Amino acid sequence: DSGVTQTPKHLITATGQRVTLRCSPRSGDLSVYWYQQSLDQGLQFLIQYYNGEERAKGNILERFSAQQFPDLHSELNLSSLELGDSALYFCASSEGQNTNYGYTFGSGTRLTVV
Amino acid sequence: AQSVAQPEDQVNVAEGNPLTVKCTYSVSGNPYLFWYVQYPNRGLQFLLKYITGDNLVKGSYGFEAEFNKSQTSFHLKKPSALVSDSALYFCAVTSDSNYQLIWGAGTKLIIKP
Numbered sequence: 141d142s143g144v145t146q147t148p149k150h151l152i153t154a155t156g157q158r159v160t161l162r163c164s165p166r167s168g169d170l171s172v173y174w175y176q177q178s179l180d181q182g183l184q185f186l187i188q189y190y191n192g193e194e195r196a197k198g199n200i201l202e203r204f205s206a207q208q209f210p211d212l213h214s215e216l217n218l219s220s221l222e223l224g225d226s227a228l229y230f231c232a233s234s235e236g237q238n239t240n241y242g243y244t245f246g247s248g249t250r251l252t253v254v
Numbered sequence: 010a011q012s013v014a015q016p017e018d019q020v021n022v023a024e025g026n027p028l029t030v031k032c033t034y035s036v037s038g039n040p041y042l043f044w045y046v047q048y049p050n051r052g053l054q055f056l057l058k059y060i061t062g063d064n065l066v067k068g069s070y071g072f073e074a075e076f077n078k079s080q081t082s083f084h085l086k087k088p089s090a091l092v093s094d095s096a097l098y099f100c101a102v103t104s105d106s107n108y109q110l111i112w113g114a115g116t117k118l119i120i121k122p
């Protein structure tokens, strides 16, 4: 157990729907990062939050949004889902806002869009 | 711009033989380098990192990596491979001039009995 908790582990939904993925960071970590891992595009950084504020943005689609709450858990919202959104979505956390010491990953949410 | 290259999509090694998974990088500023491993249907697990100091870094599960500044490389090594080492390995880099972590495409390591 890495200390980073992601729910749900698996999610199957239809095209056009909206889903919410949840992440609880490791105790003491203030930063949360979201990644998408698909077979053909490898590991793609989506977005980072630090202590409730957006810190960095990567290749996140406009249909996707995220937020970090006062208790530091984070949610990734995916809307108007398409077949191509099927992927593993990982959350990671770190103590600080910079990544020079690396971070800890959760076990991921596998999203299947049918 | 920062970048990481893992030139091999897949590496095949016989059990008991030494293994090397290659990683080269390009950054401005001082690099911070990482290796992570991903087992099937699992999240990424931290193996080791280079921040500063000794160029040979020892990590989890008997892995080590050597930082080579002149060749801008950070190859992952293990003296004797185990079948259980079979997994997907990712190299990542950041620097003190740009704190975003950049990931390589991953190398699939297959250890055959």
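One line per chain: the protein sequences are A and B, in this order. Per our numbering, residue 141 is the first one in the first sequence, and the count goes up by one each step. Per our numbering, residue 10 is the first one in the second sequence, and the count goes up by one each step. For every residue, glycine included, the Cβ atom is placed at its ideal position computed from N, Cα and C. Nothing here was measured: the structure is a model prediction, and the numbers come from that model.
Excluding the 5 residues flanking E235(A) on each side, which residues of the same chain have their C-beta closer than 8 Å to its C-beta? For the purposes of this step, residue 235(A) is identified with residue 95 of the first sequence, where counting begins at 1. Within its own chain, the residues whose Cβ lies closer than 8 Å to the Cβ of E235(A), once the five positions on either side in sequence are excluded, are G168, D169, L170, S171 and Y241, listed in chain order.
I want to verify the contact list: residues of chain A whose CB lies under 7 Å from the CB of T103(B), in sequence order. Sequence index remark: in the second sequence, residue 103(B) carries index 94 (1-based). Those are T239 and N240, listed as they occur along chain A.
Do you know offhand how far L228(A)'s Cα is from L201(A)'s? Stepping through the first sequence from its first residue, residue 228(A) is reached at position 88. Stepping through the first sequence from its first residue, residue 201(A) is reached at position 61. Their Cα atoms are separated by approximately 16 Å.
Which bits of chain B does G248(A) rub up against, with CB to CB less than 7 Å? By one-based count along the first sequence, residue 248(A) stands at place 108. Neighbours of G248(A) on chain B, chain order: G52.
Hey, could you find the ends of the beta strand (DSSP E) Y45(B) is sitting in? One-based indexing of the second sequence puts residue 45(B) at position 36. P40 to Q47 is the extent of the beta strand (DSSP E) around Y45(B).
What are the residues of the stretch 37 to 67 of chain B that lie near chain A, defined by any Cβ-Cβ distance shorter than 9 Å? The stretch 37 to 67 of chain B vs chain A, Cβ under 9 Å: Y41, F43, Y45, Q47, N50, R51, G52, L53, Q54, F55, K58 and I60.
Quick one: which residues of the stretch 191 to 215 of chain A get their C-beta closer than 7 Å to a C-beta of chain B? List them in chain order. Within the stretch 191 to 215 of chain A, A196 place their CB atoms closer than 7 Å to a CB of chain B, listed in sequence order.
Suppose you measure from the CA of R195(A) to the CA of P122(B); what does that come to, to the nearest Å? Here residue 195(A) is taken as the residue at index 55 of the first sequence, counted from 1. Here residue 122(B) is taken as the residue at index 113 of the second sequence, counted from 1. R195(A) and P122(B) have their alpha carbons spaced roughly 46 Å apart.
Buried or exposed: where does G113(B) fall if 16 or more other Cβ atoms within 10 Å of its Cβ makes it buried? Reading the second sequence from its first residue, position 104 is the one you call residue 113(B). G113(B) is classed as buried because its beta carbon has at least 16 other beta carbons within 10 Å across all chains shown.
Pick out the complete beta strand (DSSP E) segments inside the stretch 72 to 111 of chain B, 3 residues or longer, and give them in chain order. The beta strand (DSSP E) runs of length 3 or more contained entirely in the stretch 72 to 111 of chain B are, from start to end of the chain, 73 to 77, 82 to 87 and 96 to 104.
With DSSP as the reference, please indicate the residues paired to Q237(A) in a beta bridge. Taking the first sequence and counting its residues from 1, one reaches residue 237(A) at position 97. Per the DSSP secondary-structure output, Q237(A) pairs with nothing in a beta bridge.
Drop a sphere of 10 angstroms on the beta-carbon of V13(B), count the other beta-carbons inside from all chains shown, and report buried for 16 or more, exposed for fewer. Taking the first residue of the second sequence as 1, we reach residue 13(B) at position 4. V13(B) should be labelled buried.
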